[in-house]
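For the sequence shown, my numbering gives the first residue as 188, with consecutive numbering after it.
Let me begin by presenting the structure, written as structure tokens, before commenting on it.
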Amino acid sequence: KLQFLYLIGSPPVPLRDAAGTGMREVGLRKADFPYRADGQGVLYYLGCALGGEGGWVNPAKAGAVRVTCCPGGSGDSDVVVAYDPSCHVARPKSRCEVWRGERNWIEIELPVACMPTAYQFSSPGTFNQSGTPDFPRDWDLYGTNVDTSRSDQDTPWYNLAEHTNDNTLQYKRTRGAWLIKVHPDVGFHRFRLVSRTQQGMALAHFELFGTIEPRQ
Numbered sequence: 188k189l190q191f192l193y194l195i196g197s198p199p200v201p202l203r204d205a206a207g208t209g210m211r212e213v214g215l216r217k218a219d220f221p222y223r224a225d226g227q228g229v230l231y232y233l234g235c236a237l238g239g240e241g242g243w244v245n246p247a248k249a250g251a252v253r254v255t256c257c258p259g260g261s262g263d264s265d266v267v268v269a270y271d272p273s274c275h276v277a278r279p280k281s282r283c284e285v286w287r288g289e290r291n292w293i294e295i296e297l298p299v300a301c302m303p304t305a306y307q308f309s310s311p312g313t314f315n316q317s318g319t320p321d322f323p324r325d326w327d328l329y330g331t332n333v334d335t336s337r338s339d340q341d342t343p344w345y346n347l348a349e350h351t352n353d354n355t356l357q358y359k360r361t362r363g364a365w366l367i368k369v370h371p372d373v374g375f376h377r378f379r380l381v382s383r384t385q386q387g388m389a390l391a392h393f394e395l396f397g398t399i400e401p402r403q
């Protein structure tokens with residue numbers, strides 16, 4: 188059963204202003220994207236559709252995908268949805284970071300609706316007092332089909348995946364992949380990763396898999 192809740196908190200802080208590129212501009216239609224180990228899913232497809240004959244472009248840089256985070260977040264938002272088959276994080280600051288406090292989040296808004304079946308990301312880790320990286324261990328993935336014009340207090344967020352003491356990510360250059368066991372019969376265009384630990388989380392190369400269709 189699909190569970191939902193209202194995430195009460197501060198309003199999102201935009202890390203990049205979206206240019207408003209949507210479904211009609213890039214000629215997208217309903218399509219299926221099953222899980223692939225090479226990371227070529229929904230976001231990769233958006234980048235290829237936007238790039239056309241010129242090849243893949245970063246959909247966040249092109250303005251088709253909007254990355255936001257809670258107050259206190261920092262980093263390079265483009266890297267959150269960058270395609271990198273090796274998942275090599277070349278520079279320490281090349282990630283979107285969320286620091287300090289539980290329930291901190293990073294959000295990805297799509298120009299299409301997606302009924303997700305799996306997702307993946309890599310993480311450079313957040314550094315603790317000993318100087319060693321802490322990788323995400325406890326977090327949740329939520330989805331909603333409500334536009335950002337409504338406040339968080341009035342937005343139902345559906346719980347798609349819960350992770351507790353998840354040890355998938357162990358090294359900087361690895362990518363974790365997780366199946367979404369809850370299969371909603373509606374598509375979401377906003378996805379939010381919410382940390383449940385004090386150190387927050389840092390992530391890069393986020394990708395979604397599933398069925399996309401035009402936003403209603």
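Note that the Cβ used here is the ideal one computed from N, Cα and C, for glycine as well.
The structure displayed is predicted, hence computed values, not measured ones.
Measuring only the C-alpha atoms, how far is Tyr306 from Tyr345?
Working through the sequence shown from its first residue, we reach residue 306 at position 119. Working through the sequence shown from its first residue, we reach residue 345 at position 158. Cα to Cα, the separation comes out at about 15 Å.
Name the DSSP beta bridge partners of Arg362, please?
Position 175 of the sequence shown holds residue 362. DSSP lists Ser309 as partners of Arg362.
Using the beta-carbon count (16 or more within 10 Å), is Asp339 buried or exposed?
On the sequence shown, residue 339 is found 152 positions in, with the first residue counted as 1. So Asp339 counts as buried.
Is Cys256 closer than 7 Å to Ile399 when the C-beta atoms are compared?
For this step, residue 399 is matched to residue 212 along the sequence shown. For this step, residue 256 is matched to residue 69 along the sequence shown. Not a contact, by the Cβ cut-off of 7 Å.
When the Cα atoms are used, what is the spatial distance from Gly363 to Lys248?
By one-based count along the sequence shown, residue 363 stands at place 176. By one-based count along the sequence shown, residue 248 stands at place 61. Near 24 Å, if we compare the C-alpha coordinates of Lys248 and Gly363.
Taking the beta strand (DSSP E) that Gly405 belongs to, which residues open and close that run?
For the chain, the structure presents residues 188 to 403; residue 405 sits outside this window and is missing.
Can you give me the C-alpha to C-alpha distance between Val381 and Gly387, rounded to a whole angstrom?
Here residue 381 refers to the residue found at position 194 of the sequence shown. Here residue 387 refers to the residue found at position 200 of the sequence shown. One C-alpha to the other measures close to 9 Å.
Can you give the Cα-Cα distance for Gly260 and Arg216, rounded to whole angstroms?
Against the sequence shown, residue 260 aligns to sequence position 73. Against the sequence shown, residue 216 aligns to sequence position 29. Their backbone Cα atoms lie some 33 Å apart in a straight line.
Which one of Glu394, Tyr222 and Phe378 has the shortest CA to CA distance from Asn245?
Here residue 245 refers to the residue found at position 58 of the sequence shown. Here the closest residue by C-alpha is Glu394.
Does the Cβ-Cβ distance between Ile293 and Phe378 come in under 7 Å?
Stepping through the sequence shown from its first residue, residue 293 is reached at position 106. Stepping through the sequence shown from its first residue, residue 378 is reached at position 191. The answer is no: Cβ separation not under 7 Å.
In chain order, what residues of the same chain lie with their CB nearer than 6 Å to the CB of Val229, ignoring the 5 residues before and after it?
Translated into positions along the sequence shown, residue 229 becomes position 42. Contacts found: Phe220, Cys301, Leu395 and Ile399.
Taking C-alpha atoms, which residue in Gln227, Ala251, Asp327 and Pro298 lies nearest to Asn352?
Numbered from 1 along the sequence shown, position 165 holds the residue referred to as residue 352. Comparing Cα positions, the closest option is Asp327.
Between which two residues does the alpha helix (DSSP H) holding Cys235 run?
Taking the first residue of the sequence shown as position 1, residue 235 is located at position 48. Segment Val229 to Gly238, the alpha helix (DSSP H) holding Cys235.
Using CA coordinates, which residue listed in Asn291, Gly250, Pro258 and Val266 is at the minimum distance from Arg383?
For the purposes of this step, residue 383 is taken as the residue at position 196 of the sequence shown. If we check each option's Cα against that of Arg383, Asn291 comes out closest.
Are the CB atoms of Leu366 and Phe322 within a distance shorter than 7 Å?
As a first step, residue 322 is located in the sequence shown; it is residue number 135 there, counting from the start. As a first step, residue 366 is located in the sequence shown; it is residue number 179 there, counting from the start. No; because the gap between Cβ atoms is not below 7 Å, this pair is not in contact.
How many Å lie between Lys368 and Gly242 at the Cα?
On the sequence shown, position 181 is the one that residue 368 refers to. On the sequence shown, position 55 is the one that residue 242 refers to. If you take the alpha carbons of Lys368 and Gly242, they lie about 33 Å apart.
Excluding five sequence neighbours on each side, which residues of the same chain lie with their C-beta closer than 7 Å to the C-beta of Gly234?
Counting from 1 along the sequence shown, the entry for residue 234 is found at position 47. Within the same chain, Gly234 has close Cβ partners Trp243, Val244, Asn245, Pro246 and Tyr270.
Expressed to the nearest angstrom, what Euclidean distance is found between the alpha-carbon atoms of Pro298 and His350?
Residue 298 sits at position 111 when you count from the first residue of the sequence shown. Residue 350 sits at position 163 when you count from the first residue of the sequence shown. Pro298 and His350: Cα-Cα distance of roughly 27 Å.
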